[in-house]
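Counting in our numbering, the final residue of the sequence shown is number 290, and the numbers go up one at a time with none missing.
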Amino acid sequence: MKRAIVSDIHANLEALTAVLADIASQGAAEIYCLGDIVGYGPNPCECVDQVMQFDACVLGNHDQGAVFDPEGFSAGAERAIFWTRSQLESPPDSPAQNLRRWDFLCELPRTIREDGMLFVHGSPRSPLNEYVFPEDVHNPRKLEKLFSAVERFCFQGHTHVPGVLTEDGRFLRPDQLDDVYPLGSQKTMINVGSVGQPRDGDRRSCYVLWEDGAVRFRRVEYPLEETARKIYAIPELDDFLGDRLRDGR
């Protein structure tokens, strides 16, 4: 069975629409989301509506901030969170759909475990907030603690930087792997990248397909200028959030 795993949509409807079209073209039977459906971007309600149709989703720190109280955010990110909350509280559609969105976000789990696989937003030991960066290969103590919480494989997002982190201390970028990595007996953490706000220098959306014991990274073009235009039109969203889309940073 082919499964698509996406993360960090960040209310970017244009990116999500393009990624879902690519997922359909690849024949994936299931879609899992690793959180941060909302935050930063201009279409939180529409993106939540799409993710509600997925097979599974975990909670991201921006999702939690929109539903509860934002903690640890920059000033710009916090303004975006409060604007996102206002959109979720007063959408232009039906009250019933509004309630379904709130129920969905409030009930998202922090982790999903299936047959030795762990799905989180941040990290295996701190599912919501901890970042696992490529440079953590130089911190063996952190790696040891992270991998102690992994049974076999962990899929995560949060950094918006795709790649594979192995238990023996290597971080492998998709371009180093020709976009494919076979999952063997070694414990592995896979960052699936970001749909709505890539930060690895590639402006294209990124997600992962998992099938037959291997993961395949997919990059997808989308009309980012349309997303940027929407962001610029919303005073509560910093222009920087639109600018950075062009550079993939």
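The C-beta atom is built at its ideal place from N, Cα and C for all residues, glycine as well. Small disclaimer: the values here were computed from a predicted structure and weren't measured.
Residue i - DSSP class collapsed to helix/strand/coil
i      : result
ARG245 : coil
PRO223 : strand
LEU57  : helix
THR207 : strand
ILE50  : coil
VAL161 : coil
TYR73  : strand
GLU185 : helix
LEU146 : helix
VAL261 : strand
PHE281 : helix
PHE109 : coil
ILE272 : helix
VAL89  : helix
GLN128 : helix
GLN94  : coil
Paired residues, beta bridge with residue i - DSSP
i      : result
ASN84  : According to DSSP, ASN84 bridges with nothing at all.
TRP251 : ARG44 and VAL256
VAL99  : Answer by DSSP bridge pairing: none, since VAL99 is not bridged.
MET230 : CYS195 and LEU206
ARG154 : LEU159
LEU213 : VAL205
Classification of residue i by the beta-carbon crowding that lies within 10 angstroms, buried from 16 upward
i      : result
GLU148 : exposed
ASP280 : exposed
LYS228 : buried
ARG154 : exposed
VAL191 : buried
GLU112 : exposed
HIS179 : exposed
GLY106 : buried
GLN94  : exposed
PRO264 : exposed
LEU301 : For the chain, the structure presents residues 42 to 290; residue 301 sits outside this window and is missing.
PRO168 : buried
GLY198 : buried
Cβ distance (whole Å) where residue i is taken to contact residue j below 8 Å
i      : j      : result
LEU129 : CYS86  : 7 Å
VAL202 : LEU218 : At roughly 14 Å, the Cβ-Cβ gap does not stay under 8 Å, so VAL202 and LEU218 are not in contact.
GLN238 : ASN84  : GLN238 to ASN84, Cβ: 13 Å. No contact.
LEU100 : PRO165 : Wrong, their Cβ atoms sit about 15 Å apart, outside the cutoff.
ASP96  : GLU71  : 4 Å
SER48  : VAL173 : Contact flag wrong, Cβ pair sits at about 13 Å.
VAL233 : VAL249 : 4 Å
Reference residue i, options the options, closest by Cα
i      : options                           : result
VAL108 : ASP134, TRP124, ASP216 and PRO223 : TRP124
ILE275 : GLY82, ALA65, GLU55 and LEU61     : GLY82
ASP90  : THR58, ARG259 and ASN102          : THR58
ASP177 : ARG126, MET230 and LEU159         : MET230
VAL92  : TRP143, GLU208, ARG126 and PRO111 : TRP143
ASP63  : VAL79, PHE258 and ARG244          : PHE258
ILE272 : ARG285, ARG260 and GLU262         : ARG285
PRO215 : TYR73, ASP243, ASP104 and ASP77   : ASP243
GLU266 : GLU252, LEU187 and LEU282         : LEU282
ALA121 : ASN139, LEU187 and VAL79          : VAL79
CYS74  : VAL256, ILE50 and GLY157          : ILE50
PHE160 : ALA116, GLY76 and SER226          : GLY76
ARG270 : ARG44, GLU55 and LYS43            : GLU55
Cβ of residue i within 9 Å of any chain D Cβ
i     : result
ASP90 : Absent from the structure: chain D. Only one protein chain is present.
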